[in-house]
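There are 2 protein chains.
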Amino acid sequence: MKKRPLILVTNDDGITAPGIRMLIEVMKEIGDVVVVAPNSPQSAMGHAITVNSTLYLEKVTIDKDLDTEYSCSGTPVDCVKIAIDQIIKGKPDICVSGINHGSNSATNVIYSGTMSAAVEAGMNGIPAIGFSLCNFSWNANFDEIRSFVKSITLQALERGMQNGVVLNVNFPKLAFSEIKGIKICRQANATWVEKFDERTNPHGKKYYWLSGTFENHDNGEDTDEWALAHGYVSIVPVQYDLTAYHAIQQLNTWEF
Amino acid sequence: MKKRPLILVTNDDGITAPGIRMLIEVMKEIGDVVVVAPNSPQSAMGHAITVNSTLYLEKVTIDKDLDTEYSCSGTPVDCVKIAIDQIIKGKPDICVSGINHGSNSATNVIYSGTMSAAVEAGMNGIPAIGFSLCNFSWNANFDEIRSFVKSITLQALERGMQNGVVLNVNFPKLAFSEIKGIKICRQANATWVEKFDERTNPHGKKYYWLSGTFENHDNGEDTDEWALAHGYVSIVPVQYDLTAYHAIQQLNTWEF
Chain A
1 MKKRPLILVT
11 NDDGITAPGI
21 RMLIEVMKEI
31 GDVVVVAPNS
41 PQSAMGHAIT
51 VNSTLYLEKV
61 TIDKDLDTEY
71 SCSGTPVDCV
81 KIAIDQIIKG
91 KPDICVSGIN
101 HGSNSATNVI
111 YSGTMSAAVE
121 AGMNGIPAIG
131 FSLCNFSWNA
141 NFDEIRSFVK
151 SITLQALERG
161 MQNGVVLNVN
171 FPKLAFSEIK
181 GIKICRQANA
191 TWVEKFDERT
201 NPHGKKYYWL
211 SGTFENHDNG
221 EDTDEWALAH
231 GYVSIVPVQY
241 DLTAYHAIQQ
251 LNTWEF
Chain B
1 MKKRPLILVT
11 NDDGITAPGI
21 RMLIEVMKEI
31 GDVVVVAPNS
41 PQSAMGHAIT
51 VNSTLYLEKV
61 TIDKDLDTEY
71 SCSGTPVDCV
81 KIAIDQIIKG
91 KPDICVSGIN
101 HGSNSATNVI
111 YSGTMSAAVE
121 AGMNGIPAIG
131 FSLCNFSWNA
141 NFDEIRSFVK
151 SITLQALERG
161 MQNGVVLNVN
171 FPKLAFSEIK
181 GIKICRQANA
191 TWVEKFDERT
201 NPHGKKYYWL
211 SGTFENHDNG
221 EDTDEWALAH
231 GYVSIVPVQY
241 DLTAYHAIQQ
251 LNTWEF
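As structure tokens, this is what we get:
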């Protein structure tokens with residue numbers, strides 16, 4: 001590891017969220033920090049990118065220690081792309097995303113802007129980690145997980161990451177002293193069961209709010225959901241080769 | 001297979017796009033069709049969902065043969081969710097998405113609204129296929145691939161789909177007589193190299209357009225890119241368990 005690695009920090013809750021401010025604090029202890037993060041909340045944006053409209057990039061000074069902090073009008077994935085091309089003009093040593101206010105465990109990884117930013121970095125050959133705390137509150141206590149964030153990032157820098165793999169790290173909503181340790185897990189097979197909330201606007205027109213219940217159908221003790229429910233930090237290695245290799249053989253028997 | 005399967009049709013180019021109109025034409029020959037598709041273009045929205053604003057759902061009559069055709073103000077994934085909860089009030093026999101105006105091969109699957117709609121259906125236990133034609137033109141000729149769309153959908157209905165797997169089908173921009181057949185493939189390892197286009201608005205403020213070059217670094221002859229370049233229809237089985245199982249053992253050696 002270089003003495004002072006270059007660290008790109010982003011998130012999906014927006015550049016002023018307490019979660020990213022804590023992540024920046026920790027990363028400043030490890031290396032040189034560049035922040036490019038959304039100028040507004042971008043939760044549940046998945047891997048969306050901005051192709052049909054323009055992007056604004058604003059140099060901001062939220063942390064007086066940092067020379068390179070930018071807010072971007074786009075999605076988390078846009079932030080990673082524009083950071084590489086316009087700000088860093090190359091690749092950082094690592095990209096960390098978060099700390100998300102709320103869980104990105106199980107299938108939530110697919111909807112998550114935080115994790116999609118990490119995946120985008122990975123697709124560009126940059127080691128990447130998404131961090132999420134299972135607490136949706138704006139005032140969540142990120143101090144309790146501070147040392148874990150640091151040690152996981154240091155290990156990633158020292159050990160390096162396998163090609164095509166990024167990390168999805170989730171923290172239980174517990175005090176530091178209550179956290180039992182870290183478990184390497186698989187993604188739990190859980191789903192959201194939607195229940196749209198139908199309302200009528202002042203002009204008499206119906207509209208809907210997306211709402212739903214998270215249902216975990218997976219009893220495995222090797223899942224992220226199990227780890228979090230039992231007081232552990234979960235780390236899931238995530239890949240972006242989505243090929244279901246095990247299905248190829250059967251599909252070759254289809255007759256078109 | 002039931003005599004008349006219930007087929008949910010959606011896309012990301014919007015409900016009036018020629019690609020979805022052709023898909024609806026083909027599906028009407030196979031079963032009973034429900035359309036819930038975006039009321040505006042939603043390309044490159046990935047797996048984004050609408051959580052911080054409201055959704056509108058409008059009953060429309062574009063095809064006089066259809067009783068249940070709705071335009072939705074949300075993303076492709078929103079369309080699938082609201083179709084299940086509010087329109088079908090249950091699960092269709094299959095969900096087909098597209099036909100996309102433009103390729104969703106290789107890593108494009110991750111950005112694609114078309115494929116994310118199919119993945120969302122899969123996550124809800126619904127067999128699902130995303131169809132894309134490697135031609136971005138609004139006036140692309142979808143007639144040439146009509147028979148392939150039908151035969152692939154019929155096979156999926158007859159054979160059923162493996163749990164956790166949806167299909168990413170891409171068609172080369174060729175006349176029917178030039179298409180050599182269908183190949184079951186893996187996702188090519190290709191990336192977009194970004195080059196943002198910097199401009200100045202009339203008020204003197206800088207802004208950017210996302211732009212880039214698609215680079216295929218994958219020489220494999222078993223990839224979707226290879227198949228398409230050689231005149232074949234590519235089918236990649238896609239999974240939404242993103243766990244990189246092969247990386248778990250190495251991560252267990254990390255010392256936190």
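These protein sequences, in sequence, are chains A and B.
Each step along the first sequence adds one to the number in the UniProt record's numbering, with nothing skipped, and position 105 is 105.
Each step along the second sequence adds one to the number in the UniProt record's numbering, with nothing skipped, and position 223 is 223.
Note that beta-carbon positions come from the ideal geometry of N, C-alpha and C, so glycine has one too.
Distance from the Cα of Thr223(A) is smallest, within the candidate group Asn104(A), Glu255(A), Thr243(A), Tyr111(A), for Asn104(A).
With 16 or more other Cβ atoms inside 10 Å of its own Cβ, Phe171(B) counts as buried. Each of Phe136(A), Glu194(A), Lys206(A) was checked against the Cα of Lys91(B), and the nearest Cα belongs to Glu194(A). Within the DSSP secondary-structure output, Glu69(A) pairs in a beta bridge with Val35(A).
Within its own chain, the residues whose Cβ lies closer than 6 Å to the Cβ of Gly130(B), once the five positions on either side in sequence are excluded, are Ser97, Gly98, Thr114, Met115, Ala118, Asn168, listed in chain order. Annotation for Lys81(B): the continuous alpha helix (DSSP H) segment containing it runs 76 to 82.
In the structure shown, Asp224(B) adopts helical secondary structure according to DSSP, grouped into three states. In this structure, DSSP gives Tyr207(B) an extended state, which the three-state scheme calls strand. Restricting attention to Ile182(B), Ile94(B), Ile126(B), the CA atom closest to the CA of Ala227(B) is found in Ile182(B).
Put simply, the CB of Pro18(A) is far from chain B, with every gap to its CB atoms at 8 Å or more.
Of all residues in the region 207 to 237 of chain A, the ones placed with a Cβ closer than 7 Å to any Cβ belonging to chain B are Tyr207, Tyr208, Trp209, Leu210, Ile235, Val236, Pro237, in chain order. In this structure, Ile30(A) sits near Pro5(A), with a CB-CB distance shorter than 8 Å. Within chain B, Asp241, Thr243, Tyr245, Ile248 have C-beta atoms less than 8 Å from the C-beta of Arg186(A), given in sequence order. In its chain, beyond the 5 residues on either side, Val34, Ala83, Pro92, Cys95 have a beta carbon closer than 6 Å to the beta carbon of Leu8(A). Rounded to whole angstroms, the separation of the alpha carbons of Leu210(B) and Leu133(A) is 31 Å.
Cβ atoms of Glu225(A) and Phe176(A) stay farther apart than 8 Å, at about 21 Å.
Excluding residues up to 5 positions away in sequence, Pro18 lie with their Cβ nearer than 8 Å to the Cβ of Asn139(A) in the same chain. Interface with chain B (8 Å Cβ-Cβ cutoff): Tyr56(A) is included. The region 35 to 44 of chain B and the region 43 to 60 of chain A touch, with no fewer than 3 CB-CB distances between them shorter than 8 Å. By the neighbour-count criterion, in which 16 or more other beta carbons inside 10 Å mark a residue as buried, Gln249(B) falls on the exposed side.
When C-alpha distances from Pro76(B) are compared across Asn100(B), Ile88(B), His246(B), Phe136(B), the shortest belongs to Asn100(B). Taking the CA atoms as reference points, Phe148(B) sits about 12 Å from Ala156(B). Interface criterion met: the Cβ of Trp254(A) is under 8 Å from a Cβ in chain B. Tyr70(B) is outside the set of residues whose beta carbon lies under 8 Å from a beta carbon in chain A. Taken through DSSP and simplified to helix, strand or coil, Ala190(A) comes out as strand. Residue environment: Lys81(B) is assigned as buried (16 or more neighbouring CB atoms within 10 Å of its CB, all protein chains considered). Contact residues of the region 194 to 205 of chain B toward chain A are Glu194, Lys195, Phe196, Glu198, Arg199, Asn201, Lys205 (C-beta to C-beta distance below 9 Å). For Gly98(B), there is no enclosing alpha helix (DSSP H); the enclosing beta strand (DSSP E) covers residues 94 to 101. Take the alpha-carbon of Asn141(B) and the one of Thr153(B): they are about 19 Å apart.
Ser71(A) is positioned such that its CB atom lies closer than 8 Å to that of Ala37(A). Assignment of Pro237(A) by DSSP, reduced to helix, strand and coil, places it in the strand class. Take Thr200(B), set aside five residues on each side of it, and the residues of its chain with a beta-carbon closer than 8 Å to its own are Lys206, Tyr207, in chain order. Of all residues in the region 130 to 152 of chain B, the ones placed with a Cβ closer than 9 Å to any Cβ belonging to chain A are Phe148, Ser151, Ile152, in chain order. If you draw a straight line from the Cα of Ala247(A) to the Cα of Lys28(A), it is about 45 Å long. Close to Thr191(B), with beta-carbon spacing below 9 Å, are these residues of chain A in chain order: Met123, Asn124, Gly125.
Judged by DSSP secondary structure, Val26(B) falls within the alpha helix (DSSP H) whose first and last residues are 18 to 28.
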